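Please read the structure below before turning to the comments.
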Amino acid sequence: TQIEVLSQFMEQKSKSIHSILQNQTITTKHVAWIGTIILVAIHLFFLLWTGPNYLNSDDATYSIYAHQIAEGNYKYNHLANPGFQHRYGISVPTALSYKLFGVNRYSLVLWSWISSLLTLILLYNFTLRRFNPSAAFIAGLIFATNTQQIGTALMLSVDVVVSMFMFLTAIL
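Sequential numbering from 145 applies to the sequence shown in my numbering.
Next comes the structure, spelled out in structure tokens:
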């Protein structure tokens, strides 16, 4: 049956991930390298920070829904654009950010920024496990200094979040 096939597939994936993790140990040198790359990414984020970059009305719509969720007065409106209302992957984490830190320009882009840093860490670890520490450092540095990536991380956008989950899916 399909369930048995899916179960076997998941078991094989689990074994392959486990074997990859056992074959490569993370040393303090690797932690220092990824730490350096993360510091470069954080530095560039604040260096280039001019406030939230609004690409179009999508950002404002996500922000409105996130604010409604944070305030507890969100109501699904079937007459509004349903595509925006179903993007809980951006609205709910932003609502949590609003709840924790208040509604401000930093909490607005916090989830995009965290997603960007998580993608950086995933990329570094993936490259480290597949190739070598030098390749991982170079890949991480290219990603961290990519102006398109930095610009997208500075706006409330599903692009960075979807990229993170797509990369995570690809490496699993």
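Glycine is no exception: its CB is placed at the ideal position from the N, C-alpha and C atoms.
Keep in mind it's a predicted model, so treat the numbers as computed, not measured.
Classification of residue i by the beta-carbon crowding that lies within 10 angstroms, buried from 16 upward
{"i": "Leu165", "result": "Here the model assigns Leu165 a pLDDT of 47, short of 50, so the residue's position is not dependable and the matter cannot be decided."}
{"i": "Val304", "result": "buried"}
{"i": "Ser235", "result": "buried"}
{"i": "Val253", "result": "buried"}
{"i": "Ser278", "result": "exposed"}
{"i": "Gly284", "result": "buried"}
{"i": "Gln292", "result": "exposed"}
{"i": "Val175", "result": "exposed"}
{"i": "Ile282", "result": "exposed"}
N-terminal and C-terminal residue of the alpha helix (DSSP H) that residue i is part of
{"i": "Leu183", "result": "172–191"}
{"i": "Leu312", "result": "302–315"}
{"i": "Tyr320", "result": "Here the chain has residues from 145 to 316 only, and residue 320 is not among them."}
{"i": "Gly295", "result": "291–297"}
{"i": "His211", "result": "201–215"}
Between the segment 304–316 and the segment 266–283, are three or more C-beta pairs nearer than 8 angstroms? yes
At 4 residues or longer, and completely inside the segment 242–278: list those alpha helix (DSSP H) runs for me, N to C. 249–274
Meets three-Cβ-pair contact criterion under 8 angstroms: the segment 270–283 and the segment 235–247: no
Cβ contact check for the segment 202–214 and the segment 181–189: 3 or more pairs under 8 angstroms: no
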